[in-house]
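Reading through the C-alpha cells given below for one structure.
Protein chains: 2
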Amino acid sequence: MGFKAILRSIVEESGGGLGGVIMGYDGISIDEYVRESAGIDVLTMTVEYASVLKEIKRTVGVLKTGELEEVSIISGECSVIVRGISDDFFVALIMAADGNFGKGRYLLKRAAPGFREALQ
Amino acid sequence: MGFKAILRSIVEESGGGLGGVIMGYDGISIDEYVRESAGIDVLTMTVEYASVLKEIKRTVGVLKTGELEEVSIISGECSVIVRGISDDFFVALIMAADGNFGKGRYLLKRAAPGFREALQ
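For the record, the sequence lines run as chains A and B.
Take the first sequence: its letters are residues 1 to 120, numbered as in our numbering.
Take the second sequence: its letters are residues 1001 to 1120, numbered as in our numbering.
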C-alpha cells in the first residue's frame, strides 16, 4: 500500500479525520490525503506547523528526555496530531474538533513503524 | 485552595505526575508543585517549552482555527500536557512516560476554568 492509501485509511477510519500528511521538518510534503469536504487547507496548516515542530524537536533534544514521539495541538476548530517518523520526517493527522482524538492517536502510532521502514 | 494546592492535587491524582506549573508565555512562573522524587528539572523544562508554546499560539492565531486549547508533547522519558488559561498564561503537567496521559489531560481540563477565574 502506498503512502497516500495508508494516509487515506487513517483519515477515514479515525472518525472526524480531515487530512493526513507525511512531511519533512523543512515543510516539504512527501505525500498527503485530504478529504474533499475538509473545509480547511490541510497542507498550508501542516507547513505552518512544520517550523514549530522543528523547534519542539530541538527543545526535546536540549532537555535530553528521549526522542520526540508525539505532539498534539488542539484549537477551537481542529486538532493536529503529529508523530515523529525519523530525524527528518513526521506524519500529521488533522481532525475536526469533535473527532475521535484517541482513535486518531492510536491509528498514527500503529502506522508509524511502517512509514519509518518505507522511508529508510 | 491556592494554586500550589490545586497543582499538587493534579500531580498526585494523575498517576505518574512529576510536576505542575502555572506560567506566563514569557517563561515566568506564577506557582509550581514538583514531586520530590521527580528526577527531572520540571521548571527548567517548562521555561524551555514556554517559548515554543508562544510560537504555537502565534501559529494557531495565523491559521485562524480558534483559540489554542491544549498542547501535548510526548518524548521517550516524559510527557508534557499544556492547557491555555488565558492570553498570557498556561498550566502545564509533566508526567512520567508510563503515566496516565488520559487522566492527566482530564484533570488539567477540569481545573482550567478555576485557574482562569482566579487569574482574571
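Where a beta carbon is used, it is the ideal one built from N, C-alpha and C, also for glycine.
With 16 other Cβ atoms within 10 Å as the buried cut-off, status of residue i
i, result
"G1020 (chain B)", "buried"
"K109 (chain A)", "exposed"
"G84 (chain A)", "buried"
"G125 (chain A)", "Residue 125 (chain A) falls outside the range modelled here, since chain A spans only 1 to 120, and no answer is possible."
"M1001 (chain B)", "exposed"
"V1062 (chain B)", "exposed"
"E1117 (chain B)", "exposed"
"S1051 (chain B)", "exposed"
"E1032 (chain B)", "buried"
"G1114 (chain B)", "exposed"
"I28 (chain A)", "exposed"
"S1072 (chain B)", "buried"
"A1092 (chain B)", "buried"
"A5 (chain A)", "exposed"
Local conformation of residue i per DSSP, three classes
i, result
"E1070 (chain B)", "strand"
"A118 (chain A)", "helix"
"I6 (chain A)", "helix"
"A38 (chain A)", "coil"
"K57 (chain A)", "helix"
"K103 (chain A)", "helix"
"K1064 (chain B)", "coil"
Per DSSP, cross-strand counterpart(s) of residue i
i, result
"E48 (chain A)", "Per DSSP, none; premise fails for E48 (chain A)."
"D1031 (chain B)", "B:I1022"
"V1080 (chain B)", "B:I1073, B:I1094"
"G17 (chain A)", "A:M95"
"F89 (chain A)", "A:G24"
**OP:** Indicate whether the contact test is met: 3 or more Cβ pairs, each with one atom in the region 1006-1024 of chain B and one in the region 1059-1073 of chain B, closer than 8 Å.
**Re:** no
Subject >> Contact the region 1034-1041 of chain B vs the region 43-52 of chain A: 3+ CB pairs below 8 Å >> reply: no
Original post:
For the 8 Å Cβ check, are there 3 or more pairs between the region 1096-1106 of chain B and the region 1070-1084 of chain B?
Top reply: yes
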